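Enquirer:
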Ligand SMILES: Cc1ncc(C[n+]2csc(CCOP(=O)(O)OP(=O)(O)O)c2C)c(N)n1
Ligand SMILES: Cc1ncc(C[n+]2csc(CCOP(=O)(O)OP(=O)(O)O)c2C)c(N)n1
Ligand SMILES: [Mg+2]
Ligand SMILES: [Mg+2]
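Protein chains in written order, with the working numbering: chain A, 774 to 1114; chain B, 774 to 1114; chain C, 1307 to 1627; chain D, 1307 to 1627.
Here's what the structure looks like:
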């Protein structure tokens, strides 16, 4: 056990799994870096250094730098997965899905069903998402609702270094295609992470905090903000459950519904665009399945329905904040007050 | 006024608008058909004959058959729209979006915002969606939630011939990119459609039927099924509002919320995959904004979270049916009974 | 390249099986009993068979919407296919895939594909598996002239080239993508594109089984030797419409009849092997008879086979969920 | 092709403006005041300027993530750009786009683009507008060696070819896509690909302004005459990292220094025009001075300009909603 960054935790998961299983290969743009160049090999380890150092151990046979051809190499990952490898492909920013989505949602995701259960597609697509890096509208999106919409895909959103290592190992060992969403603002976060490999099962939410008054469900980086808001609320005598579902598909509906049954009040925090997103998905689940337990309207804390702006001051307004989460919890609490009045 | 099919209504809208505005061009695969071939020109008019006959009037300068290169020609539509044309591109099946989504969601949809309001992108993408044609998992999807998720896109779902003509004319005249979803099972439906051009404004729901007991919100082809269910329920003394939002983006939240305020019971019918779909979106809207009016859990009638199966008997089970809608309405009505008991 | 008697008979039988399968589906489709879209391969048999008969079950192929011929050539079973096309539980995909999604991974057949240009990236992956695991296998992507304009296809040519993959890209150029002629839609040439991405291209007369066979042999040998990918540009013709129901008014009057009469790949094969006394008419006639019986049987069987059960709707989405 | 004195001075001034703009951003970025990703064009100036100075505001260009040079060459204003890069309300895009999304449609500049390969399809559209509305305009897509492997780019070459569009595809081959060399990532050759899609390609030394200018003149004339698209394969080099912050360890030691010393496009231009007595050093020195002042002013201005207001977050998503 030692302190590791989110970046290091991901790197360690890849390294340990690759040691264990020789059929695992990595592919992506500059995931080593320097291919064919006169200077340093492994020059980048991806644009944010996440895969740095793996080349030395596994060589260019298993760490495959690709041309700028996402359809070809993400599709190659799918074809390799169907024929005996276990590829982990990197789609550098999830914003780039638009040039290769077919290979993900019509090919990899559907093989098993359309081939009558006779295919297995054990592949992982690691990708970076989220706002905050002042990277503007084509490098800051949180497109997991789109992938969650597609039957046949699994979607993981690690919210911390510990989660990142365990969920990535689970993703790699999974026999279905998994889209693994790394939040770009978390790479430097550190926490205690076991040195040995461990897998965190998909579809089991993490109740990061327990409370009596309200339930906050949050995804990815938003879990941190939700806990910050809960800290402040605690001081004001409002205690919250904070649920990190970890995977949006499969979704641990049981834990969410139980928490709502207990607290009767729900706030959902989603960094994705507000229409047809995970906040809506969970809201709908609860409004159908735990309606009787609800004591107040469900509050969704999401960005506005606009592209991610470049200007830092606008981007900071765009992303849900601990303040907005706190205000939403206060609003669901206030509803009770009004009722009682 | 005369009886026209959905197909003919769309064709007429295109023809009338092209006569009015010389900057409108059509592009797509086989939208005329026979390009470069020795036999008939205009051999297809699209695979289902929707654009048939336009070539004779407008010529190959304005009816542009394309190679099988969706990224290039959908992107060309975006580039043409930004520079002075008003293109209507056909993406034959919406299932093919995966090979060209970038040009739609990162380019066309974002021009205006990321260029600070100094761009206009008046383009329409006509596309075919929905199950029922035994076309299996790559030709039967209803992917409008994905497009609705994207800020900058507008999304229309005409539910009948009258709607198709009016909404398409509105789409063509709109200065923003519009994704126009034609349900493949509706092309042969007929109803009275005015001969002259008319536009149905976006963001104004059509209350296709009024009732006191429950509200049904349904999209596209599902509007017909919702009305069939409402007919049957009427006979059993249960009267329903049936709301056709017409466009999912912009969404007429006002009409939906009013109807829920009136009836207190809501059923949403969505042909799209159940996770992060329009049923969830509207459910969430209501659970946040009209919670106090709700007398029963919101019921969603959707397909299961599986790809669309080929076998006709399975496909028929997959698509929401009038029976399932009826059962859902009875369930929200029964909830009241239980409460009272 | 020399072929022995057994191989020749096998080639003939496979081509005839495809022809009979497709001609029969053409008739059956007209009765309305076959659901969905069906794209027939009749006329193009020499291509699929000339290539696939040189492959083993470890070698992979990716097919297209026009996939029956590739399946049969790769050794996929007639009965399982026919049942699938009729949407029966006993179909190869349990009735969930249909004509456009028949696959049999145990035979190295990675699936027909409803997405034009869907296959080439997958084949880069199958070839990568062969390379990484050093299985000695090759992987073949079939794609049409229409698909040759799809970015997925073009990217795959480059990826296979720079990764030096044991892959073969077979452009089945039947002159049309739906109703659009390749003369209109294809800028430049297939061979020029192959060269542009750094791989050799063989121009092949797809009506001539032996021409296909020889070009494929060269490309397969090159791939197996680790020397990298090749393209085969095969000119051929489909006898039926794009899909069943297509009136094919875009074709020249008599175009298909002339090709059937003058260039048919099966007739030409038969003429050549009998004239060279490699096989005799009796051998071939009895193959014909066997094929007719097999297809007849498969159709009758499929028509009476049970449908998927309601529970099947929800299975096979995930391995575990 | 002959260029008059005024044009030469204009070309020099534009190249110098780009150089100064980028060198200054390099310094300013290091202070931490510039948000986000910044990709500098320094070293490649002859390409953007040699081409764009032959275009009018009606002619369209589509740019890349490395877009400052294309903007400035196309006549986009320094101040508006600098303000945008600093995320100010007075920026060309109101601060909503930033370095990767600067556009000025009034100047025919359709935008920098954060998506590699995003521009070529758009340029097919701009060229189509010119063709349908018979404006006589041309449209130019700039794209990198990395982008040349993207399906969107490849499809666009074909579309422009078969539609005979007045389009020009400029492959700015600086040898790297991020840290990956084009020697590794590009199978075949750019010229081979152009030929494969049926268009001519000019191989151009991108350090030589006049070589770029002449090749562009030919391609533009061809496009304006309705004779169809061309490719320019321009070899050049970027002086800074892929983005600011890149340590460029993948490059050979001294690679950039040598290029700067021996082949720099601006130094070469200066030498040539002064040796030929077309311009004298005094002209050029005073241009240098003017440019320095302009950039200095723009930076100071941008640093003090007001930020967007909270309300701006929600505007400009739709024309009407
Ligand atoms: C991405 C995509 N675009 C369009 C289609 C519709 N479509 C199906 S087959 C076809 C023509 C294919 O032509 P070609 O590749 O030449 O194959 P052929 O049918 O001639 O065998 C088209 C346009 C599709 N299935 N997928
Ligand atoms: C579709 C897509 N894939 C990957 C990236 C990440 N990326 C940004 S620039 C770049 C390299 C581009 O190289 P090249 O086209 O040669 O242009 P250069 O940077 O050399 O000017 C990459 C991989 C992206 N922005 N878009
Ligand atoms: Mg074809
Ligand atoms: Mg480059």
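C-beta atoms are modelled at their ideal positions from N, C-alpha and C, and glycine is treated no differently.
Computed from a prediction, not measured in an experiment: that's the story for all the values here.
Return the CA-CA distance between residue 1047(A) and residue 1078(A), expressed in angstroms with no decimal places.
Expert: 6 Å
Enquirer: Please check if any C-beta of chain B sits within less than 7 Å of the C-beta of residue 1507(D).
Expert: no
Enquirer: Quick check: is the beta carbon of residue 889(B) nearer than 7 Å to any beta carbon in chain D?
Expert: yes
Enquirer: Counting contacts by CB-CB distance shorter than 7 Å, is residue 1408(C) in contact with chain B?
Expert: no
Enquirer: Taking DSSP as the reference, what is the three-state secondary structure of residue 1426(D)?
Expert: helix
Enquirer: Near residue 1111(A), which residues of its chain fall below 6 Å by C-beta distance, leaving aside the five closest residues on each side in sequence?
Expert: Here residue 1111(A) scores only 47 on pLDDT, less than 50, and its place in the model should not be relied on; the value that follows carries that caveat. Shown here for residue 1111(A): not one same chain residue has a beta carbon closer than 6 Å to its own, the five before and five after excluded.
Enquirer: DSSP on residue 1110(B), reduced to helix/strand/coil?
Expert: Unreliable positioning characterises residue 1110(B) in this predicted model, as indicated by a pLDDT of 46, which lies under 50. The coordinate reading is nonetheless provided below. Looking at residue 1110(B) - three-state DSSP - the assignment turns out to be helix.
Enquirer: Is it true that the segment 1445 to 1452 of chain D meets the segment 873 to 885 of chain B, where meeting means three or more beta-carbon pairs spaced less than 8 Å apart?
Expert: Touching, no, given that fewer than three Cβ pairs across the two stretches are closer than 8 Å.
Enquirer: What residues of chain C sit near residue 1086(B), judged by a beta carbon separation below 7 Å?
Expert: 1613 and 1614
Enquirer: Looking at residue 1321(D) and ligand 1, is the gap between the Cβ and the nearest heavy atom below 6 Å?
Expert: Closer than 6 Å to some heavy atom of ligand 1: that does not describe the Cβ of residue 1321(D).
Enquirer: Taking 6 Å as the line, does the beta carbon of residue 865(B) fall inside it for any heavy atom of ligand 1?
Expert: Residue 865(B) Cβ: within cutoff of ligand 1.
Enquirer: Just checking residue 877(A) against ligand 1 - is the residue's beta carbon closer than 6 Å to any of the ligand's heavy atoms?
Expert: False, no ligand heavy atom lies under 6 Å from that Cβ.
Enquirer: Are the C-beta atoms of residue 1104(A) and some chain B residue less than 7 Å apart?
Expert: no
Enquirer: Can you tell which of 867(A), 886(A) and 1025(A) has its C-alpha closest to the C-alpha of residue 899(A)?
Expert: Out of 867(A), 886(A) and 1025(A), the CA that lies nearest to the CA of residue 899(A) is found in 867(A).
Enquirer: Nearest to residue 1063(A) by CA position, among 1033(A), 835(A) and 886(A), is which residue?
Expert: 1033(A)
Enquirer: Taking beta-carbon pairs under 9 Å, can you tell me which members of the segment 1435 to 1451 of chain C lie near chain A?
Expert: 1435, 1436, 1437, 1438, 1439, 1441, 1443 and 1445
Enquirer: Nearest to residue 1353(D) by CA position, among 1606(D), 1524(D), 1604(D) and 1541(D), is which residue?
Expert: 1541(D)
Enquirer: Kindly indicate if chain G contains any beta-carbon less than 7 Å away from that of residue 856(A).
Expert: Looking for chain G here will not work: the only protein chains present are A, B, C and D.
Enquirer: Which whole-angstrom value is the C-beta distance of residue 1481(D) and residue 1487(D), which I expect to be below 8 Å?
Expert: Between residue 1481(D) and residue 1487(D) the beta-carbon gap is near 6 Å, inside 8 Å, which marks them as a contact.
Enquirer: Under 7 Å between the Cβ atoms of residue 1624(D) and residue 949(B)?
Expert: yes
Enquirer: Quick check on residue 1559(C): does DSSP put it in helix, strand or coil?
Expert: coil
Enquirer: Among 1322(D), 1533(D) and 1466(D), which residue has its Cα nearest to the Cα of residue 1595(D)?
Expert: 1322(D)
Enquirer: Taking 7 Å as the CB-CB limit, is residue 1094(A) close to chain C?
Expert: Interface with chain C (7 Å Cβ-Cβ cutoff): residue 1094(A) is excluded.
Enquirer: Taking the CB atoms as reference points, tell me whether residue 1051(A) and residue 954(A) lie closer together than 7 Å.
Expert: no
Enquirer: What distance in whole Å lies between the Cβ atoms of residue 1402(D) and residue 1083(A), which are believed to be in contact at a cut-off of 8 Å?
Expert: In this structure, residue 1083(A) and residue 1402(D) form a Cβ contact; the two beta carbons are roughly 6 Å apart against a cut-off of 8 Å.
Enquirer: Quick check: is any heavy atom of ligand 3 less than 6 Å from the C-beta of residue 1556(C)?
Expert: no
Enquirer: Are any of the Cβ atoms in chain C nearer than 7 Å to that of residue 1470(D)?
Expert: no
Enquirer: Is the CB of residue 1475(D) under 7 Å away from at least one CB in chain A?
Expert: no
Enquirer: Nearest CA to the CA of residue 833(A): which residue from 842(A), 801(A) and 859(A)?
Expert: 801(A)
Enquirer: Could you spell out the range, first to last residue, of the alpha helix (DSSP H) harbouring residue 1329(C)?
Expert: 1311 to 1336
Enquirer: Starting from the Cα of residue 1532(D), find the closest Cα among 1550(D), 1425(D) and 1438(D) and give me that residue.
Expert: Looking at the Cα atoms, 1438(D) is the closest of the given residues.
Enquirer: Candidates 1092(B), 926(B), 933(B) and 906(B): which alpha carbon is nearest residue 1172(B)'s?
Expert: Outside the shown range of chain B (774 to 1114) lies residue 1172(B), about which nothing can therefore be said.
Enquirer: Would residue 1043(A) and residue 1075(A) be called neighbours here (beta carbons separated by less than 7 Å)?
Expert: yes
Enquirer: Since residue 1622(C) meets chain A, which of its residues come closer than 7 Å, beta carbon to beta carbon?
Expert: Taking the beta carbon of residue 1622(C) as reference, the chain A residues within 7 Å of it are 885, 886, 889 and 890, listed in sequence order.
Enquirer: DSSP beta-bridge partners for residue 901(B)?
Expert: 866(B) and 955(B)
Enquirer: Per DSSP, which one or two residues make a beta bridge with residue 1450(C)?
Expert: 1478(C)
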